[in-house]
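Reviewing the structure listed below.
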Amino acid sequence: NPFFPINTLPIMRAAYAAQRAGVFMPFHRAVYPAFWTQAKNLGDPETFADLLNAAGLDAKALIEAAAEPEGKDALRHSTDEAVERGVFGAPTCFVGDEMFFGNDRLDFVERALLGAAA
163 NPFFPINTLP IMRAAYAAQR AGVFMPFHRA VYPAFWTQAK NLGDPETFAD LLNAAGLDAK
223 ALIEAAAEPE GKDALRHSTD EAVERGVFGA PTCFVGDEMF FGNDRLDFVE RALLGAAA
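In the numbering used here, the protein residues as written are 163 to 280.
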């Protein structure tokens, strides 16, 4: 992403808000490719809100919920857990205990997931 690095804290907090609201999958389907493959500047609040609204989500509600203490605490806990597991950058994915780092490793993640499902 040509805008990287950006302050991802509002995006991560909004992800927790989306999880609590039961809309994490549409949130993820919009945000992940926008950031990693479509080169959107999600550090720009207007661009981020437009993306969420275009995905059929209530951007205003998610962004407001992202500022609540519960989401901030959940993100802090998740970050501590990631550090304990050895995460050093993004995107990082785990399948069980196996860690995959980088956008170019998603094929390996898919194979690991298919193997785990077998």
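Idealized CB from N, CA, C, for every residue including glycine.
- The Cβ atoms of Val271 and Phe262 lie closer than 7 Å to each other.
- Taking a 10 Å sphere around the C-beta of Val245, we find fewer than 16 other C-beta atoms and assign the residue as exposed.
- Taking the Cα positions, Asp212 is about 36 Å away from Ala279.
- Under the DSSP definition of a beta bridge, Met261 partners with Phe256.
- Between the region 249–260 and the region 213–232 there are fewer than three inter-stretch CB-CB distances shorter than 8 Å, so the stretches are not counted as touching.
- For Leu276 and Ala236, the gap between their C-alpha atoms comes out near 29 Å.
- Cα atoms of Gly205 and Thr199: separation of roughly 15 Å, rounded to the nearest angstrom.
- If you check the CB distance, Ala183 and Ala217 do not come in under 7 Å.
- Here the alpha carbons of Pro172 and Arg273 stand approximately 31 Å from one another.
- Cβ-Cβ distances below 7 Å link Met174 to Leu237 in the same chain, with the five nearest sequence neighbours on each side left out; the list follows chain order.
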